[in-house]
Amino acid sequence: MRSSRPIKPEYFDLAGASDYTGGGLSVRTLRRLIARPGGLPHYRIGRGKLMISRLDLDNFLEAHKQITIDLDALASEAIEELLGGGR
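Everything in the sequence shown is counted per the working numbering, starting at 3 for the first residue and increasing by one.
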């Protein structure tokens, strides 16, 4: 009996990698990331088929994660403390 669980691919072609990111990275952007020095790790199969490991893609995205700081909230908190409201 076969399992009904969906199979998660371990490797994607560029269109599959784009789909995996929810379209956040287009095929064109993925090509640019691959081309840059130290860029997205990939495999070239045959005459040019590019494949990307799901793990490599996840690690690449995690390494380039940006954390947004709410400067308004930070400034408000600092002003509140300076004015003595943080007692």
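Ideal Cβ positions, reconstructed from N, Cα and C, are used throughout, including at glycine.
Bear in mind that the values here come from a model prediction, so they are computed numbers and not experimental data.
Cβ separation of residue i and residue j, assumed to be a contact under 8 angstroms, to the nearest whole Å
i: Arg33; j: Leu16; result: 7 angstroms
i: Leu42; j: Ile54; result: 7 angstroms
i: Gly18; j: Pro8; result: Not confirmed; about 14 angstroms, so no contact.
Bridge-paired residues (DSSP) for residue i
i: Leu52; result: Arg46
i: Tyr13; result: Ser55
Residue i classed as buried or exposed, judged by whether at least 16 other C-beta atoms fall within 10 angstroms
i: Leu27; result: buried
i: Leu84; result: exposed
i: Ser20; result: buried
i: Leu59; result: buried
i: His66; result: exposed
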